Amino acid sequence: MLQVATFIATGPQIYVDGLVVLEENKLAGRIGGYALANHILKTRERWLDGKALQIMEALEHALREDDSITKALRVFMETRFAFMPVSSNGKIVASLSLRDLINYAMGLKVEVQGLTSPLLTIDNDTSVLDALEFMVEKGVRNIVFLKQDGPYVINDRKILAYLLHSQTRDLISRRGFEVLATIKVIGIGALKGTSVDLRSEAGSVAHLFSNIETSCLFVGNRILTPWDLVMKGSGFIS
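In the working numbering, the protein residues as written are 14 to 251.
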């Protein structure tokens, strides 16, 4: 589990949306941030003792390298999971995530406000433990706080990286998992959010997601995620 969590929390952009799980060199499944957060809440102090096979979503088939982008988007929509392994001649050779498709959104001419989702916020004094529970309950990857100078955000990767830090692991070892209820999540790496104009063309802001630190954009009192941009922009969801 340590290896899985480290890749998702601090690995390069290819791991932002998930990991492929192989068993005896054959496709077994995939793991995303939601499954990992849910596992952490269930197992608490012992979350690093788990195995990838215990929390993965089982998969029998991967995308083929000659499958269309349309098929990939359909699979993302049907599974609500923005990551799939890709096979060639029966072997897993790559993976495709939502972030890989950002370039396809750069030609969108629609106003960005039409692709946004409602903004869910939490109090500035919310704890790390409550933030984890909020993410799992609401099915979101971004924790948003509103301050006088605008929105601040911390995503699931930042929280996971904090939990992996040696000092945090030592603290939990000494005081128990409940110590996370005493630590404000806003203090472990929240970043000032990036806001864009309501009437901006969606394609003109797509490049902002090429920065791995940009997990969402703020549009008025709403939010735009890579999922919103690609899936709504392509017409797969409304």
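All C-beta atoms in this analysis are idealised placements derived from N, C-alpha and C, irrespective of residue type, glycine included.
Since the model is a prediction, treat every value here as computed from it, not as a measurement.
Taking a cut-off of 8 Å for Cβ pairs, the stretch 61-78 and the stretch 216-230 do not touch, as fewer than three such pairs fall below it. In this structure the stretch 120-128 does not touch the stretch 171-183; the number of beta carbon pairs closer than 8 Å is below three. Here the stretch 196-206 lies against the stretch 153-166, with 3 or more beta-carbon pairs under 8 Å apart. If you draw a straight line from the Cα of residue 51 to the Cα of residue 176, it is about 14 Å long. Distances from the CA of residue 59 to each of 191, 214, 94, 33 were compared; the closest alpha carbon is that of 191. Burial is judged here by how many other beta carbons sit within 10 angstroms of a residue's own beta carbon; residue 68 has at least 16 and is buried.
Across the set 206, 209, 239, the C-alpha of 239 shows the shortest separation from the C-alpha of residue 113. The stretch 31-71 contains, as complete beta strand (DSSP E) runs of 3+ residues, the segments 32-36, 39-44 (chain order). Scanning its chain for C-beta atoms nearer than 6 Å, with the 5 sequence neighbours on each side dropped, one finds around residue 134 the residues 157, 159, in chain order. With respect to the C-alpha of residue 116, the residue from 40, 72, 161, 221 having the closest C-alpha is 221. Annotation: residue 21 to residue 29 spans about 6 Å, alpha carbon to alpha carbon.
Taken through DSSP and simplified to helix, strand or coil, residue 94 comes out as coil. The C-beta distance from residue 14 to residue 65 rounds to 7 Å, short enough to meet the 8 Å contact threshold.
For residue 185, the three-state secondary structure derived from DSSP is helix. Residue 49 sits close to residue 18, with the two beta carbons spaced by under 8 Å.
Selection 100, 61, 53, 46 evaluated against residue 38 yields 100 as nearest (Cα-Cα). Looking only at 123, 150, 109, 143, the smallest Cα-Cα distance to residue 31 is reached by 109. Excluding residues up to 5 positions away in sequence, 135, 194, 198 lie with their Cβ nearer than 8 Å to the Cβ of residue 143 in the same chain. For residue 221, there is no enclosing beta strand (DSSP E), as DSSP marks it with neither H nor E.
Counting of Cβ neighbours within 10 angstroms places residue 82 among the exposed residues, the total staying below 16. Excluding its 5 nearest sequence neighbours in each direction, residue 141 has C-beta neighbours in its own chain below 6 Å: 193, 196, 198, listed in chain order. About 23 Å separates the beta carbons of residue 216 and residue 164, which is beyond the 8 Å limit, so they are not a contact pair.
By the Cβ neighbour-count rule, residue 25 is exposed, with fewer than 16 other Cβ atoms within 10 Å of its own. Taking a C-beta distance under 8 Å as the contact criterion, residue 169 and residue 46 qualify as a contact pair. If you draw a straight line from the Cα of residue 209 to the Cα of residue 121, it comes to about 15 Å.
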